[in-house]
Amino acid sequence: MSRLTEANVKIAHEIIARYPRPKSALIPLLHLAQEQDGWVSDEAMAHLAELVGVTPAEVRGTCTFYEMFKLHPVGTYMVNVCTNIACQLLGGEELLHHAEKTLGIRPGGTTSDGMFTLEDVECIAACTEAPCMQVNYRYGVRLSTDDFDEIIDDLRAGRTPDKLITANPGDQIPSHGTLGLTRQHLDPDKAAGIVPPEQVTENPVWLTTTKGDS
Amino acid sequence: MATGEYVPHAPGYVDSPGTKVVSSRFGYEDSYTLDRYLATGGYEGLKKALANGPEECHGIVREGTLLGRGGAGFPAGIKWGFCPPEVWPRYLVVNGDESEPGTYKDRLLMELDPHQLIEGCLIACYAIGLSQCFLYVRGEMAIAQQRLADALNEAYEAGYVGKNILGTDFSVDIVLHWGAGAYIVGEETALIESLEGNRGMPRLKPPFFPAAVGLYGQPTIVNNVETLANLPWMLEHGAEAYKELGSETSPGTRMFAVSGHVKRPGVYEVEQGVTTYEDLIYGDDYCQGMRDGHELKMFIPGGGSAPWLFPEHVSLPLEARPVGAAGTMLGSGAIVIMDDSTDAVKACLRVVRFFARESCGKCAPCREGTSWEEKILQRILDGNGRPEDLDLLLDVADNISPGPYPVASFEAEGLDAVPFPPRQTTICPLGPSSVAPITSAIRRFRHEFEAKIGTPVEVTA
Ligand SMILES: Cc1cc2nc3c(=O)[nH]c(=O)nc-3n(C[C@H](O)[C@H](O)[C@H](O)COP(=O)(O)O)c2cc1C
Ligand code: SF4
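So, in C-alpha cells, the structure goes:
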C-alpha cells in the first residue's frame, strides 16, 4: 500500500535522471514518499531502495538522520514553533507554551483528531521576525498568541490562514509531506545532459571555444 | 529606490540608503519573476561574461576580492583556483542550507530574487568549467524551493540554462536539490555527503578539500548563496566598481540580519568595513536603537557559533579582520542583540542546546560533550547547580576545544585567554562552536552563574 503509486514512480524516475549517480536522489525521493503518505513507511523505503539500487538498510540509514522525515503517522499539519535564541528573546517559549495549552499536547505529540503535531524547533531563518513558527513549512511571523489561535481556527475550519505566508497569493497550505507546490521540470531537449562522472574525460568544450570571441 | 522602509512582501527586509548589490529588486512585489528580472538588468552579467571569456571572468572575481559569505570568508576567486588542473568533471554545489542561529539572508535571496542566484551559478560554472550545478536548499524552506523551481523552469524555457546557453557553446544544467532538516549539512563536506544520498556527516579535512576531492570524488566548488548572488552585479559593473564599495580588505556589501531587543529588527544590506555595529544598532536608517528603557548587555556578532561581544565593542566596523582581532567573527552576518533584561545563563544554555541537538554524532568529544554542557547549564538554571559546576563545564569545553580556560585566567587575561578560531579535537567546527557561548558568558557574567548556583529557585505552581 505504501509503495509509490504509478504516477509517483514516474516522478521518481524523472528525479533520479537528474543526478550523475542514482543514490543522490534519495532525499528528494524520501520527500516524495512522505508527500504521498504523510510519513515514510518501511514499504516505501524498500521501494525506494529498488528504485535507486541500494539496500533498504541504506535508505533507512539516510532517512533516520534527517529530522523532517517521520517514521510514523503525524498530524495533517506540522506546527513548528521556534525557540532558538532570537525567538527566545522575544517570546518564543511563551508562544510554545501557549501552543501546548491550545492544542493540548506536548512537543512531539499529535492531537487526537489527527489534525496537528507540535514541535519545538531550532532556528528557521526568520530571526528578525521573532517570534515565528512554520505550519507545514509555511511561515507565520511576529506572532501573538491571538495570531496563533487564529491560524489554528482557520485550519480547523478548512480556511487558508491569512497569517501564513505562501509563495503566491491564494496558494493552499498542503497537508504534511508536500513542500513546494511546483517541481523543477527538466526537458531532455533543453538540458545540457547529465552523465555519470566517469563518462566525462575532457574539459567542457566552452573553456577552449569561447575565449572571449563570442 | 531607498525608502528606508520595512518591505511588507519581504518580511524582515528593510530598505536603507546606499548601493544595493544583491537586494536591489526586493522592493518589487514580483521581484522573483523572469519578467521583472529582465526589466531590471537581469542576465546582463552573464552576457558580459560570455563576451569576455572564462579566464577573464575568473580574473574579475579574483580581482574583486569576493569574500565567501557562508561563514569562513574565504575569497571565492582563490577557492576556484584550487581545482586541480585537467581533472574532469568539476561540480558546483550551492550552499542554501542556512540554519546558523540568527542567520536570515540566504532565504530572502532565494525567495525574492531566484534568477539572480541562477545567474550567479551560471557565471561560476562558465568561469572555471563546472559541468553541473546542484542548488542545495534547506529542507524547511518550502517557499524558496517553489520559487526556485518556478524560476528554473522559466530560465530553461527561455534558454538561459541548459544546452547552448544564449546560442553559445556554454551548456550547463542546474538541478534543484533539497535537504530534510539537519544543521550540520551546512558544513561543506557534510553537504556533499548528503547530496550523495548519505547521512550528512562531515568528512575529515585536510588532507582533501572539496575543491580537490568533493562530490563523487571529483573537484567540487561549494559556495554560499549570497556569495554567488554577488556575481551578476560584479560581472556587469566590473571589479573596480565593486571595490569602490566597502573597505579595502572587505569590498562590497553584505546582508546583515539584526534580531533581538532592538526597536526595528531587520535584514539590511550595507557596505562592509565602513559601517559599524553601532550604526546598525542605533542608526535611524537601521535598527533605531534599543527598546525603550533598556540598555545593551551583549550581542552575538556573527551567528550562534561566534563568541559574544559587549557594549564596548559596538564601534567595531563590520569587517572580518577587526572583528576577528576582537576574538570572534563576522561569520554569517547574523547579529543578535540582547538587552539588560536578558538572563546570561539562559541565553548561553539556549545556544548550547542548539549544538547539542545538532551534533551529528560522528566524534565523541562533540557527541558526548555538547550534551554534558547542556545538562550542566540546565541544572544551574534550574537551581540545582553544584559548586564545582563552572570548573566542570570548562573542563568539558576544554575536551572539545582545548583552552586554556581555567576560570581564574579569564580574570587575569580577559579575552586573550580564549583562543579563536577555536582549536578542535573534533572532525568539524560544530563541537567547538558550543564552547563560544560558554566562555563568553562565564568570562563576563560569572557572578550570574554563581548567584544561581548558591540559590535554589523558588518553585511556583
Ligand atoms: C557546522 C557548520 C555549518 C555551516 N552551515 C553553513 C550554511 O548553512 N550555509 C553556508 O553557506 N555555509 C555554512 N557553513 C560553511 C560552509 O562549510 C562553507 O564554508 C561555505 O558554504 C563556503 O561558501 P563560501 O566560501 O561562499 O562562504 C557551515 C560550516 C560549518 C562548520
Ligand atoms: S564535531 Fe560534532 S558535528 Fe562535527 S563531525 Fe564531530 S560529532 Fe559531527
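These protein sequences, in sequence, are chains A and B.
Throughout, this note's numbering is defined as the position within the first sequence, counted from one, plus 1193.
Throughout, this note's numbering is defined as the position within the second sequence, counted from one, plus 29.
Note that CB positions come from ideal geometry on N, CA and C, so glycine has one too.
Just so you know, these numbers come straight off a predicted model, no measurement behind them.
Under 8 Å Cβ-Cβ, which residues of chain A neighbour residue 108 of chain B? The residue you call residue 108 of chain B lines up with position 79 of the second sequence. Near residue 108 of chain B there are no residues of chain A at all, since even the closest Cβ is about 18 Å away, more than 8 Å.
Buried or exposed: where does residue 233 of chain B fall if 16 or more other Cβ atoms within 10 Å of its Cβ makes it buried? The sequence position of residue 233 of chain B within the second sequence is 204, counting from 1. It counts as exposed.
Near residue 231 of chain B, which residues of its chain fall below 6 Å by C-beta distance, leaving aside the five closest residues on each side in sequence? In the second sequence, the residue the question calls residue 231 of chain B occupies position 202. Excluding positions up to five away in sequence, the list reads 216, 218, 219, 456 and 457.
Range of the contiguous alpha helix (DSSP H) that encloses residue 1399 of chain A: Counting from 1 along the first sequence, the entry for residue 1399 of chain A is found at position 206. Note, residue 1399 of chain A: alpha helix (DSSP H), 1399 to 1402.
Option in A/1253, A/1224, A/1218 and A/1256 with minimal Cα separation from residue 1244 of chain A: The count along the first sequence starts at 1 and reaches residue 1244 of chain A at position 51. Nearest of A/1253, A/1224, A/1218 and A/1256 to residue 1244 of chain A, Cα basis: A/1218.
Could you check where the beta strand (DSSP E) with residue 403 of chain B kicks off and where it finishes? Taking the first residue of the second sequence as position 1, residue 403 of chain B is located at position 374. Careful: residue 403 of chain B lies outside any beta strand (DSSP E), inside the alpha helix (DSSP H) at 393 to 410.
Nearest neighbour of residue 328 of chain B, chosen from B/363, B/62 and B/283 [CA to CA]: The residue you call residue 328 of chain B lines up with position 299 of the second sequence. Nearest option by C-alpha distance: B/363.
Taking the DSSP output, what are the residues bridged to residue 328 of chain B? In the second sequence, residue 328 of chain B corresponds to position 299, counting from 1. For residue 328 of chain B, which the question treats as bridged, DSSP gives the partners B/338 and B/366.
Run through DSSP, which three-state label would residue 1407 of chain A get? Taking the first residue of the first sequence as position 1, residue 1407 of chain A is located at position 214. Reliability fails at residue 1407 of chain A, whose pLDDT of 42 lies under 50, so the model's placement of it is uncertain and the value that follows must be treated cautiously. Coil, per DSSP.
Identity of the residues DSSP links to residue 494 of chain B by a beta bridge: Outside the shown range of chain B (30 to 490) lies residue 494 of chain B, about which nothing can therefore be said.
May I have a chain-ordered list of the alpha helix (DSSP H) segments no shorter than 4 residues that lie completely inside the region 1273 to 1327 of chain A? Runs of the alpha helix (DSSP H) lying entirely within the region 1273 to 1327 of chain A, each at least 4 residues long, are 1278 to 1282 and 1285 to 1296 in chain order.
Check the C-beta distance from residue 359 of chain B over to residue 333 of chain B and give it rounded, since I have them as a contact under 8 Å. Counted from its first residue, the second sequence places residue 359 of chain B at position 330. Counted from its first residue, the second sequence places residue 333 of chain B at position 304. No, residue 359 of chain B and residue 333 of chain B are not in contact; Cβ-Cβ is about 14 Å, not under 8 Å.
I need the DSSP call for residue 496 of chain B, collapsed to helix, strand or coil. Here chain B covers residues 30 to 490 and nothing more, so residue 496 of chain B does not appear.
Excluding the 5 residues flanking residue 1357 of chain A on each side, which residues of the same chain have their C-beta closer than 8 Å to its C-beta? As a working note, residue 1357 of chain A is residue 164 in the first sequence. So the qualifying residues of the chain are 1328, 1331, 1332, 1333, 1344 and 1366.
Buried/exposed call for residue 1203 of chain A, threshold 16 Cβ in 10 Å: As a first step, residue 1203 of chain A is located in the first sequence; it is residue number 10 there, counting from the start. Result: exposed.
Quick one: does residue 1312 of chain A have its CB under 8 Å from some CB of chain B? Walking along the first sequence from the start, residue 1312 of chain A turns up at place 119. No, because no Cβ of chain B sits closer than 8 Å to the Cβ of residue 1312 of chain A.
Rounded to whole angstroms, what is the Cα-Cα separation between residue 159 of chain B and residue 311 of chain B? The residue you call residue 159 of chain B lines up with position 130 of the second sequence. The residue you call residue 311 of chain B lines up with position 282 of the second sequence. The straight-line gap from Cα to Cα measures roughly 44 Å.
Can you name the residues that DSSP bridges to residue 103 of chain B? Residue mapping note: residue 103 of chain B aligns to position 74 of the second sequence, counting from 1. Residue 103 of chain B is not bridged to any residue.
Rounded to a whole number of angstroms, what is the C-alpha to C-alpha distance between residue 12 of chain B and residue 192 of chain B? Chain B is shown from 30 up to 490; residue 12 of chain B falls before or after that span and cannot be answered.
Looking at residue 117 of chain B: is its Cβ nearer than 8 Å to the Cβ of residue 1398 of chain A? As a first step, residue 117 of chain B is located in the second sequence; it is residue number 88 there, counting from the start. As a first step, residue 1398 of chain A is located in the first sequence; it is residue number 205 there, counting from the start. In this structure, residue 117 of chain B lies away from residue 1398 of chain A, with their beta-carbon atoms at least 8 Å apart.
Considering only DSSP beta bridges, list what residue 206 of chain B is partnered with. Looking up residue 206 of chain B in the second sequence gives position 177. DSSP lists B/165 as partners of residue 206 of chain B.
Mind listing which residues of the region 1300 to 1334 of chain A have their C-beta closer than 7 Å to chain B's C-betas, in chain order? 1315, 1316, 1317, 1318, 1319, 1320, 1321, 1322, 1323, 1327, 1330, 1331 and 1334
Applying a beta-carbon distance threshold of less than 7 Å, which residues of chain A neighbour residue 160 of chain B? Looking up residue 160 of chain B in the second sequence gives position 131. Ordered by position in chain A, the residues that pass the 7 Å Cβ test against residue 160 of chain B are 1393 and 1397.
Which one or two residues does DSSP pair with residue 252 of chain B in a beta bridge? The sequence position of residue 252 of chain B within the second sequence is 223, counting from 1. Answer by DSSP bridge pairing, in chain order: B/123.
Taking DSSP as the reference, what is the three-state secondary structure of residue 1338 of chain A? Working through the first sequence from its first residue, we reach residue 1338 of chain A at position 145. Annotated three-state conformation of residue 1338 of chain A is helix, per DSSP.
Does DSSP put residue 42 of chain B in a helix, a strand or coil? Numbered from its first residue, the second sequence carries residue 42 of chain B at position 13. Residue state, collapsed to three classes: strand.
In the DSSP output, which residue or residues are listed as bridge partners for residue 298 of chain B? Looking up residue 298 of chain B in the second sequence gives position 269. The secondary-structure analysis by DSSP pairs residue 298 of chain B across a beta bridge with B/284.
Note down, in chain order, each residue of its chain lying with its Cβ closer than 8 Å to the Cβ of residue 462 of chain B, except the 5 sequence neighbours on either side. Taking the second sequence and counting its residues from 1, one reaches residue 462 of chain B at position 433. If we look at residue 462 of chain B and ignore the five residues flanking it on each side, its Cβ neighbours are 333, 334, 384 and 451.
Looking only at DSSP bridge pairs, what is residue 275 of chain B linked to? Translated into positions along the second sequence, residue 275 of chain B becomes position 246. Residue pairing by DSSP places residue 275 of chain B opposite B/280 in a beta bridge.
Could you tell me the distance, in whole angstroms, from the CA atom of residue 239 of chain B to the CA atom of residue 135 of chain B? For the purposes of this step, residue 239 of chain B is taken as residue 210 along the second sequence, with counting starting at 1. For the purposes of this step, residue 135 of chain B is taken as residue 106 along the second sequence, with counting starting at 1. Answer to the nearest angstrom: the Cα atoms are 22 Å apart.
Should the region 268 to 281 of chain B be regarded as contacting the region 119 to 126 of chain B, the criterion being three or more beta carbon pairs within less than 8 Å? no
Proximity test, residue 231 of chain B beta-carbon vs ligand 2 heavy atom, cut-off 7 Å: Working through the second sequence from its first residue, we reach residue 231 of chain B at position 202. Yes, Cβ of residue 231 of chain B sits closer than 7 Å to a heavy atom of ligand 2.
Is the beta carbon of residue 1276 of chain A closer than 8 Å to that of residue 1268 of chain A? For the purposes of this step, residue 1268 of chain A is taken as residue 75 along the first sequence, with counting starting at 1. For the purposes of this step, residue 1276 of chain A is taken as residue 83 along the first sequence, with counting starting at 1. Not closer than 8 Å, so no.
Kindly provide the ranges of any alpha helix (DSSP H) runs that are 4 or more residues long and lie completely inside the region 442 to 475 of chain B, ordered along the chain. 459 to 462
For the alpha helix (DSSP H) holding residue 1254 of chain A, just list the boundary residues, first then last. Here residue 1254 of chain A refers to the residue found at position 61 when the first sequence is read from its first residue. First-last of the alpha helix (DSSP H) with residue 1254 of chain A: 1249 to 1256.
Give the interface partners of residue 383 of chain B over in chain A, defined as CB-CB distance under 9 Å, in chain order. For the purposes of this step, residue 383 of chain B is taken as residue 354 along the second sequence, with counting starting at 1. Correct list: 1277, 1278, 1315 and 1316.
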